[in-house]
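Just below is one structure, and these are the notes that go with it.
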């Protein structure tokens, strides 16, 4: 797929591609690093490792040298770091260094090389300065990148903090963002990449429903990707195997993922904060207008119900559970997203208004019928009076 056709078929999501700008907003690295697995990243308490690594790579992209000097305050802001009594930036950095004592295995044909990512990490808690010494062999993987590289956004990774599977899936999808279809992963690759629990490893339905689904739901909820589907592989030739030895029911041998392609331009811009603020304002006004419409409909339905000639208990009234809908706290939702109007809350709000409008229309018909009946009754009484003999 050439670049033009890729962009023509891409999903253009302006606000989602314009992430808040900061010095460490974008990280680029050779595709080989996407496939490097650090098992400890999946463990509890290591939730900041991937996004901190992203920032270090981002700085290396810019400095193009092995020694990096980072501002701890900027780092904390970029990763949306929340210090607790159990997790400080100092501890998170130590954890990252410990997590990455696994070597990077770079295989080229029949040759392979094993290297460590870091040589040294120093953090001065007093002045919040972080000094990183990268292995010089790593630098070529992070600089002079023109092709065969991945590009990840720190803002996205920070929003996924704490969900290892979603983070790994995000990294994989980003690598193929302009294609919309990932490479094929054998079941062995799936288990390693997503750290699938041993109890799930021989149960593909569990992998799909308990591992993939949560990650896919989160990525779509955050509007990082759309229409993600996990596609099972049953043909052994698709993953380089001659046969499986299982001649009965088809066995799932691996997976690949499909999703809507993305534009790669304007992902991060210095004015993106302003653009997101504009989107928030626009969406907020849209919601406010809908809420006003909902309140107006509730009032009209209440007034019309009082005019119905029915016992009080039989009169239809608006569903006051709608109060919860129109008073929903919007901080729970990504109001800065252009896709906010497609969110579950927005759809619920629209559905509620539609139902109330239907209820109002029915009441209007009932009142019209009641009015006609009353007029007929009045005419009948009048005619009866006219026909009565006068004495």
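Residue numbers (the UniProt record's numbering): 1 to 391. No residue lacks a Cβ here, since even glycine has one placed at the ideal position from N, Cα and C.
Residue i, buried or exposed, once every other Cβ within 10 Å from all chains shown has been counted against 16
| i | result |
| --- | --- |
| residue 381 | exposed |
| residue 191 | buried |
| residue 152 | buried |
| residue 8 | In this predicted model, residue 8 has a pLDDT of only 38, less than 50, meaning its place in the structure is not dependable; the value taken from the coordinates is given anyway. The residue is exposed, with fewer than 16 neighbouring Cβ atoms inside 10 Å. |
| residue 402 | Nothing can be reported for residue 402: it is not among the residues displayed for the chain, which extend from 1 to 391. |
| residue 223 | buried |
| residue 197 | exposed |
| residue 5 | Note that residue 5 has pLDDT 41, beneath the 50 cutoff, so the model's placement of it is unreliable and no number is given. |
| residue 305 | buried |
| residue 159 | buried |
| residue 362 | exposed |
| residue 398 | Because the chain in this structure spans residues 1 to 391, residue 398 falls outside the shown range and cannot be described. |
| residue 174 | buried |
| residue 311 | exposed |
| residue 298 | buried |
| residue 115 | exposed |
Residue i versus residue j: straight-line alpha-carbon distance, rounded
| i | j | result |
| --- | --- | --- |
| residue 266 | residue 22 | Caution applies to residue 266, whose pLDDT of 48 falls short of 50 and renders its modelled position unreliable; the value that the coordinates give is listed next. Approximately 14 Å between the Cα atoms of the pair. |
| residue 432 | residue 138 | Here the chain has residues from 1 to 391 only, and residue 432 is not among them. |
| residue 359 | residue 372 | 20 Å |
| residue 355 | residue 294 | 10 Å |
| residue 95 | residue 47 | 10 Å |
| residue 301 | residue 202 | 57 Å |
| residue 368 | residue 288 | 32 Å |
| residue 37 | residue 193 | 6 Å |
| residue 162 | residue 215 | 11 Å |
| residue 12 | residue 262 | Bear in mind that the predicted position of residue 12 carries a pLDDT of just 37, short of 50, making it too unreliable to give a figure here. |
| residue 155 | residue 42 | 19 Å |
| residue 92 | residue 353 | 47 Å |
| residue 284 | residue 349 | 13 Å |
| residue 234 | residue 256 | 11 Å |
| residue 227 | residue 180 | 10 Å |
| residue 125 | residue 199 | 42 Å |
| residue 303 | residue 379 | 27 Å |
| residue 344 | residue 237 | 41 Å |
| residue 52 | residue 188 | 27 Å |
| residue 455 | residue 210 | No answer is possible for residue 455: it lies beyond the span of the chain, which begins at 1 and ends at 391. |
| residue 99 | residue 327 | 44 Å |
| residue 366 | residue 307 | 10 Å |
| residue 166 | residue 364 | 50 Å |
| residue 89 | residue 253 | 41 Å |
| residue 122 | residue 67 | 11 Å |
| residue 206 | residue 65 | 44 Å |
| residue 103 | residue 97 | 12 Å |
DSSP beta-bridge partners of residue i
| i | result |
| --- | --- |
| residue 69 | 131 |
| residue 121 | 132 |
| residue 210 | Partner(s): none; residue 210 has no beta bridge. |
| residue 147 | Bridge partners of residue 147: none, in fact. |
| residue 284 | None, per the DSSP bridge assignment. |
| residue 349 | Per DSSP, none; premise fails for residue 349. |
| residue 401 | No statement about residue 401 is possible, as the shown extent of the chain runs from 1 to 391 and does not include it. |
| residue 29 | 150 |
| residue 359 | Looking at the DSSP assignment, residue 359 forms no beta bridge with any residue, so it has no partner. |
| residue 229 | 258 |
| residue 104 | 115 |
| residue 181 | 258 |
Anticipated Cβ contact below 8 Å, residue i with residue j, distance rounded
| i | j | result |
| --- | --- | --- |
| residue 393 | residue 157 | Because the chain spans 1 through 391 in this model, residue 393 falls outside it and cannot be assessed. |
| residue 134 | residue 119 | 7 Å |
| residue 259 | residue 225 | 5 Å |
Minimum Cβ-Cβ distance from residue i to chain C less than 9 Å
| i | result |
| --- | --- |
| residue 252 | Absent here is chain C; the protein component of the structure consists of one chain. |
Would you call the stretch 76-91 and the stretch 172-184 touching, i.e. three or more CB-CB distances under 8 Å?
no
Evaluate the contact criterion for the stretch 57-66 versus the stretch 122-141: three or more CB pairs, one atom per stretch, below 8 Å.
yes
Touch check for the stretch 157-175 and the stretch 211-220: three-plus C-beta pairs under 8 Å?
yes
May I ask you to verify whether the stretch 145-164 touches the stretch 24-33, counting CB pairs closer than 8 Å and requiring at least 3?
yes
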